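Last residue of the sequence shown: 539 (our numbering), numbering continuous. We treat Cβ as the ideally placed atom computed from N, Cα and C, and that holds for glycine. Model, not experiment: these values are computed from the prediction.
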Amino acid sequence: MRKTAALLSALIILLLAPAVAMSQSVDDKALRALLAAHGQSPLQSPPFMISPKFKFGQALYFDPVLSGAREVACATCHLPIRGTSNAQALAVGVDGRKLGEDRLTGGRGNETPRNSPDVWNRGHPDVQNMFWDGRVALDDEAIREARYINQDDTTIYFESPMDDRFPDGIENLLAAQALFPITGVDEMLGRPGDRSDSELPDDHANLPNELAQAAKGAEGTRKIQLVHEALVERLFAPDLRATDVDEDGELELKEWQKEYRRMALDAFPDLTLHDLSIIELVNAIGHFEKIAFATRNAPWDDYLRGDRGAISESAKAGALVFFGKGRCAVCHAGPLFSDFEFHSLAVRQIGPGKNISSDDLGRYHVTEDKADLYKFRTPPLRNVTLSAPYFHDGVALTLRAAIRHHNDPLNLSDSEFEDGTHSWNIGKRKSVSYILAAGLKLNDSEINQLIAFLETLEDDLTDLMPEIVPASVPSGLPVAALYSSE
Ligand code: HEC
Ligand code: HEC
């Protein structure tokens with residue numbers, strides 16, 4: 054009897070297996086038709102080329118000497134090995150200890166109000182704005198001409214907190230963005246009373262924060278300009294000659310400053326020492342980011358180019374959900390998977406927030422238009438597998454949590470607060486995008502398929518890492534980077 058039952062179930066399995074397999078296999082033709090309807094095409098990226106400008110930008114990106122107390126670099130919060138983010142919900146800059154998920158505030162600085170976004174592919178022409186609220190952007194005219202953005206004869210206009218004091222000569226959005234972190238008190242600048250650590254190498258130990266001092270008492274755009282000028286002075290000391298000595302008879306111009314002069318003039322051969330300004334610094338950083346963090350090898354692009362075996366069946370099923378029932382591509386559109394528009398998902402707020410009631414009103418902080426309350430820019434999704442945690446405040450620890458929130462933004466968020474600490478703000482409830490408000494009704498298997506699909510967007514750049522992360526930086530300060538998780 055038992056034997057018959059076993060035989061019977063074996064037979065059933067045998068009979069059913071092909072049917073199950075068939076129901077799981079995705080019709081490539083149907084998927085390709087759907088992708089064509091969405092205008093999906095393989096990502097075009099600039100070739101990986103190391104030039105003097107790349108080298109200069111690379112040094113600046115990894116060198117903590119750009120920060121007031123010589124302790125924080127861009128890479129501290131945008132670590133290549135942490136998916137160009139930093140594995141923390143809210144980034145810690147000034148006076149932080151350690152890197153990645155272990156980073157703590159030392160007490161002198163505060164955590165930033167927002168999650169440090171990844172910086173993959175931000176030099177791509179589709180990128181129209183920067184930051185979770187898009188406060189640095191190409192202006193409308195430039196957006197219309199975006200396809201010409203890389204041609205030398207096109208003037209690019211920017212919207213930014215610097216308004217009409219925005220300097221001339223900024224090459225792209227990445228360069229425009231780089232004007233700001235160095236002036237952020239908790240990000241890199243610090244406070245006028247800060248001193249650098251006495252354990253740092255000789256040229257940098259126990260020094261006052263002359264960058265913050267230069268800007269003391271100034272406000273707004275003027276403050277930004279004063280920090281920029283002081284930074285140029287720190288790096289190049291343009292008025293010192295190589296032979297100048299101080300009272301103790303020591304050469305005043307440091308070797309590392311000579312190195313920065315050399316690198317800058319190699320990168321910008323038409324300029325002289327006295328021409329160098331913040332423009333060259335940020336243009337070099339922007340150039341480095343554009344080349345170094347462009348992704349080129351995702352299985353998804355291979356699939357789009359016609360290689361049917363490049364991605365798994367479950368990833369294909371996930372693509373069907375992404376471009377179909379899940380409605381993901383309505384907002385996560387194009388080769389970077391963002392419309393660069395603003396939407397509200399009523400994401401739960403944690404951390405200090407952006408306003409006095411510890412909330413973050415998103416795009417509203419830029420436009421002051423009530424229609425923009427709680428809206429954030431759709432984040433691009435290439436390499437999203439590498440940059441947890443997610444959302445503007447890092448409240449979603451995993452991709453699954455981020456997707457589950459989209460699945461039912463109004464109800465799930467409620468149930469996240471079993472301890473009853475959260476009271477729904479009616480305005481925030483109402484702000485949720487109509488595309489998601491009714492609930493997507495995705496089941497667990499569809500969510501797994503979506504994750505499998507997002508994994509095909511991954512290009513971790515492992516092979517290039519040794520060329521992207523330098524072994525040392527000109528200042529001789531410890532390189533703000535991790536190669537591995539050890
Ligand atoms: C203390 C951590 C920290 C440091 C240091 C830092 N950033 Fe960021 N970065 C952030 C955070 C947080 C945001 C998002 C802020 C917001 O949206 O309001 C951000 C946003 C960005 C963005 C915009 C990405 C996008 O698509 O919106 C770029 C690019 C970027 N940073 C590059 C840099 C560069 C270059 C430097 C060094 C000059 C730097 N960052 C230093 C934390 C940091
Ligand atoms: C209405 C537009 C919209 C739709 C539809 C949408 N998203 Fe999003 N998505 C966003 C916005 C906006 C954010 C950021 C919200 C925030 O941080 O407050 C986001 C964040 C994310 C993140 C986190 C990325 C990061 O770097 O933090 C992932 C992953 C994601 N979406 C995947 C999806 C998937 C999968 C779908 C389909 C099931 C989807 N999205 C549908 C707008 C949308």
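Three-state secondary structure assigned by DSSP to residue i
i	result
K428	strand
N541	Because the chain spans 54 through 539 in this model, residue 541 falls outside it and cannot be assessed.
R150	strand
N14	Nothing can be reported for residue 14, as the shown portion of the chain is limited to 54 through 539.
F395	strand
R167	coil
T158	strand
D107	Asp is not the amino acid found at residue 107; the sequence shown has Phe there. F107: helix per DSSP, three-state reduction.
V145	strand
L227	helix
I482	Strictly speaking, residue 482 in this sequence is Arg, with Ile absent from that position. Looking at R482 - three-state DSSP - the assignment turns out to be helix.
I202	Confidence is the limiting factor: at I202 the pLDDT is only 42, short of 50, which leaves the residue's position unreliable and the question unanswerable from this model.
N182	strand
A86	helix
L119	helix
Residue i versus residue j - alpha carbon distance
i	j	result
G176	A372	25 Å
V419	R435	26 Å
S138	D360	31 Å
P388	D250	44 Å
F233	P99	25 Å
P519	S411	40 Å
I235	V374	41 Å
D239	Q181	26 Å
I223	E212	12 Å
K269	L288	20 Å
V118	A441	28 Å
L191	L326	30 Å
C549	G362	Residue 549 falls outside the range modelled here, since the chain spans only 54 to 539, and no answer is possible.
R200	Q97	Only weak support is given to the placement of R200: the predicted model assigns it a pLDDT of 40, under 50, and the value that follows is read from those uncertain coordinates. One C-alpha to the other measures close to 13 Å.
G404	L84	41 Å
P352	I364	6 Å
K378	H385	14 Å
S498	A368	12 Å
A283	I277	10 Å
A295	Y356	56 Å
Beta-carbon proximity of residue i to residue j, cut-off 8 Å
i	j	result
A122	N259	no
L398	V485	yes
V383	I500	no
E305	V298	yes
L452	L507	yes
V280	L242	yes
R167	H445	yes
P95	D354	yes
F393	G110	no
L132	V145	no
R401	D186	no
L226	M183	yes
L495	N460	yes
D216	S528	no
K428	H396	yes
F524	A126	Note that residue 524 is Ala in the sequence shown here, rather than Phe. No, Cβ-Cβ distance for A524 and A126 is not below 8 Å.
A231	I332	no
L334	L530	no
L324	V285	no
A490	P462	yes
L503	I456	yes
Spatially closest choice to residue i from the options, by CA coordinates
i	options	result
A521	T348, F219 and D301	Residue 521 is actually Ile in this sequence, not Ala. Residue T348 is the option with its Cα nearest to I521.
A317	N336, E305, T129 and D301	N336
K108	I364, E312 and L88	E312
G149	K428, T129 and D355	T129
P322	K106, Q230 and K82	K106
T509	R218, D179, K494 and F390	F390
D245	H327, D155, F395 and V147	Looking at the sequence itself, residue 245 is Pro, so the reference to Asp does not match. Among H327, D155, F395 and V147, the Cα nearest to that of P245 belongs to V147.
I103	L414, A295, K343 and N174	K343
G153	G162, G159, T165 and A140	A140
P169	A112, A370, Q97 and V448	Just to set this straight, residue 169 is Ser in the shown sequence, not Pro. Of the listed residues, the one whose Cα sits closest to S169 is V448.
T431	D422, K151 and Y443	Y443
R315	L493, P291, A271 and Q93	P291
A90	S78, F376 and A454	F376
L264	A386, D171 and S120	S120
D179	I479, P433 and N350	P433
Exercise. What residue ranges within the stretch 346-377 form continuous alpha helix (DSSP H) runs of no fewer than 4 residues, ordered along the chain?
Worked result: 352-357 and 366-376
Exercise. Mind pulling the beta strand (DSSP E) runs of 3 or more residues that sit fully within the stretch 267-353?
Worked result: none
For this session: Pick out the complete alpha helix (DSSP H) segments inside the stretch 493-525, 4 residues or longer, and give them in chain order.
Result: 497-508 and 518-521
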